[in-house]
Ligand SMILES: [Zn+2]
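Residue numbers (our numbering): 15 to 347.
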């Protein structure tokens, strides 16, 4: 307990709080800037068990704001959860860290949550589609969760108790200012502010057994901070929390081809393509058990072990499709 002495001395927390934190199970859904920062604070504080889930690899453009990663992770093209698990265990080997290197989808989100058995779910997602999906899944399983988002210098943190209003009640439409970070830019101190607000809410949850019902918004640049009580915002006709109608969980498709921010396309191939023989004109840049960086015809591509293929620099779907069809000699059965 000596390593936690300073937080135990905080009167509201104390030895009781520490013991409860060491029993707590959390899952962090997405470990980009928010998720990795939240995971670090919780692991250093001595949380009992943490599951981290993400599908992406570490890139150099992550490092300015994502405190869980270092340059070597990007150079090795490590999956975020693999790199983060390594760093988290080096920070505190007493914490059980489970890493799940996979995409979160409507088909697997319920099994992922059921397997992790979290007391509380922490949102590290970077799109609203995924946040609404998480809202439905946590409501269906009756698990509290904490929403967090950062755009530019603006931070929003919203604890969502499974009996109170849900995300759909409070934000029925995607907020206009909350497009993806590639478009808007993110100021690193705003990320750290959001992480701290989320982890503070986890601490209060331990001490009081429930989440607060306040949404906190901060603009780290102007210094303006606002808290709003959301407890009265439950919509009597909300499809999710009033009618248990889980549109995304039941019907959200997995897109075969998708345009990504920053001029790239993502295609889905069968996972067996990861082991397929490549055409002689395809060069392999970096390769590890999780991804391969491919180069051909002036394009760079990343092939993931689950069959996702990211093609950078392609401007049209048919161009991306054509390139993907010219990569392989044969595919294993
Ligand atoms: Zn609702």
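Here a beta-carbon is modelled for each residue, glycine too, at the ideal position from N, C-alpha and C.
Are the beta-carbon atoms of residue i and residue j separated by less than 8 angstroms?
i	j	result
residue 97	residue 72	yes
residue 146	residue 92	no
residue 75	residue 50	no
residue 138	residue 35	no
residue 58	residue 105	yes
residue 247	residue 184	yes
residue 1	residue 150	What the structure shows of the chain is the stretch from 15 to 347, and residue 1 is not part of that stretch, so it cannot be assessed.
Is DSSP giving residue i helix, strand or coil here?
i	result
residue 268	coil
residue 333	helix
residue 151	helix
residue 39	strand
residue 261	helix
residue 64	strand
residue 348	The structure shown does not extend to residue 348, since the chain spans only 15 to 347, so no value can be given for it.
residue 29	helix
residue 85	helix
residue 218	helix
residue 195	The pLDDT assigned to residue 195 is 45, lower than 50, so where the model puts this residue is not dependable, and the model offers no usable value.
residue 130	helix
residue 233	strand
Among the options, which has the Cα closest to the Cα of residue i?
i	options	result
residue 128	216, 30, 41	41
residue 267	140, 338, 118, 244	118
residue 252	179, 161, 25, 163	179
residue 341	300, 287, 305, 303	287
residue 78	312, 200, 345, 207	200
residue 168	95, 227, 156, 208	208
For residue i, which residues in the same chain have their Cβ closer than 6 angstroms to its Cβ, ignoring the five residues on either side in sequence?
i	result
residue 158	134, 175, 176, 225
residue 284	321
residue 63	39, 110
residue 114	67
residue 338	281, 323
residue 354	A query on residue 354 cannot be resolved here, the shown segment of the chain reaching from 15 to 347 and no further.
Here's a check: name, in chain order, each residue in its chain whose Cβ is nearer than 8 angstroms to the Cβ of residue i, leaving out the five neighbours to either side.
i	result
residue 210	55
residue 278	324, 325, 326, 327, 328
residue 334	271, 279, 281, 325, 328
residue 297	308, 309, 310
residue 132	39, 40, 41, 65, 157
residue 188	142
residue 343	290, 291, 292, 293
residue 264	120
Leaving out five residues before and five after residue i in sequence, what residues of the same chain have Cβ atoms less than 7 angstroms from its Cβ?
i	result
residue 152	135, 159, 176
residue 256	249, 250
residue 9	The question about residue 9 has no answer, for the chain in this structure spans 15 to 347.
residue 101	82
Just to confirm, does residue i get its C-beta within under 7 angstroms of one of the non-hydrogen atoms of ligand 3?
i	result
residue 82	With respect to ligand 3, the structure offers nothing, as its ligand set consists of ligand 1.
Worksheet item: Any residues whose CB sits closer than 6 angstroms to a heavy atom of ligand 1? List them in chain order?
Response: 179, 180, 182, 183, 249, 252, 254, 255
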